[in-house]
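**Q** Here you go, one structure.
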Amino acid sequence: MTEETVNPKAYPLADAQLAITILDLVQQAANYKQLKKGANEATKTLNRGISEFVVMAADAEPLEILLHLPLLAEDKNVPYVFVPSKQALGRACGVTRPVIACSVTTNEGSELKSQIQQLKDAIEKLLI
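Following the numbering used here, the numbering of the sequence shown begins with 34 at its first residue and continues without gaps.
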């Protein structure tokens with residue numbers, strides 16, 4: 034996947050290094066049952082206020098099917114980020130299908146708390 038083929042509406046797009054970190058944390062969140070997969074479930078977590086951050090795939094076709102998520106995330110002050118590949122996001126979520134969006138949810142006393150916070154800071158730096 035080259036940089037040119039990614040839809041310009043997919044902003045902010047994580048660079049290769051950050052994408053690896055994000056997918057790694059998504060995989061850990063899946064293990065800890067702190068992950069909701071799919072655009073619909075991500076929307077629900079945002080509405081319920083239990084989302085830590087939202088990850089979307091920049092190669093979703095058409096991209097408009099998940100462009101309501103950044104608007105909702107901004108309303109709720111939740112960081113969001115795009116990763117280049119839905120296939121990689123699906124693998125990180127622990128499923129065989131491509132996943133176009135997922136949401137890492139809050140959990141009191143979670144072992145991922147510090148990692149989630151670091152990643153949220155990194156995502157917020159992209160938005161500046």
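Glycine is no exception: its CB is placed at the ideal position from the N, C-alpha and C atoms.
The structure displayed is predicted, hence computed values, not measured ones.
Can you tell me which of Leu51, Leu160, Gly142 puts its alpha carbon nearest to the alpha carbon of glutamate 107?
**A** For this step, residue 107 is matched to residue 74 along the sequence shown. Per the Cα distances, Leu160.
**Q** Whether or not the stretch 92–109 and the stretch 52–61 are in contact is what I'm after, with contact meaning three or more pairs of Cβ atoms, one per stretch, closer than 8 Å; do they touch?
**A** Touching, no, given that fewer than three Cβ pairs across the two stretches are closer than 8 Å.
**Q** Taking the Cβ atom as the reference point for each residue, do alanine 47 and phenylalanine 115 lie within a distance shorter than 9 Å?
**A** Here residue 47 refers to the residue found at position 14 when the sequence shown is read from its first residue. Here residue 115 refers to the residue found at position 82 when the sequence shown is read from its first residue. Cβ distance < 9 Å, so alanine 47 and phenylalanine 115 count as in contact.
**Q** Check the C-beta distance from proline 117 over to glutamate 157 and give it rounded, since I have them as a contact under 8 Å.
**A** Sequence index remark: in the sequence shown, residue 117 carries index 84 (1-based). Sequence index remark: in the sequence shown, residue 157 carries index 124 (1-based). Rounded, the Cβ-Cβ distance is 20 Å, inconsistent with contact.
**Q** In chain order, what are the residue ranges of uninterrupted alpha helix (DSSP H) at least 4 long that sit wholly in the stretch 97–145?
**A** Runs of the alpha helix (DSSP H) inside the stretch 97–145: 101–108, 119–125.
**Q** Considering only residues of the same chain and omitting the five flanking positions on each side of serine 136, which have a CB-CB separation below 6 Å?
**A** Against the sequence shown, residue 136 aligns to sequence position 103. Only Lys69, Ala75, Thr78, Ser84, Val87 meet the Cβ criterion.
**Q** I'd like to know whether the C-beta atoms of alanine 91 and valine 39 end up nearer to each other than 9 Å.
**A** Here residue 91 is taken as the residue at index 58 of the sequence shown, counted from 1. Here residue 39 is taken as the residue at index 6 of the sequence shown, counted from 1. Result yes, Cβ atoms of alanine 91 and valine 39 sit closer than 9 Å.
**Q** Assign lysine 158 to one of three DSSP states: helix, strand, or coil.
**A** On the sequence shown, residue 158 is found 125 positions in, with the first residue counted as 1. Three-state DSSP puts lysine 158 in a helix.
**Q** Measuring straight from C-alpha to C-alpha, what distance separates isoleucine 149 and methionine 89?
**A** Residue numbering aside, residue 149 sits at position 116 when the sequence shown is read from its first letter. Residue numbering aside, residue 89 sits at position 56 when the sequence shown is read from its first letter. Straight-line Cα distance between these residues: approximately 16 Å.
**Q** So for alanine 43, helix, strand or coil by DSSP?
**A** Locating residue 43 in the sequence shown gives position 10, counting from the first residue. Here alanine 43 sits in coil by DSSP.
**Q** Leaving out five residues before and five after cysteine 126 in sequence, what residues of the same chain have Cβ atoms less than 7 Å from its Cβ?
**A** Here residue 126 corresponds to residue number 93 of the sequence shown, with the count starting at 1. Val59, Ala63, Leu68, Lys70, Val132, Cys135, listed in sequence order.
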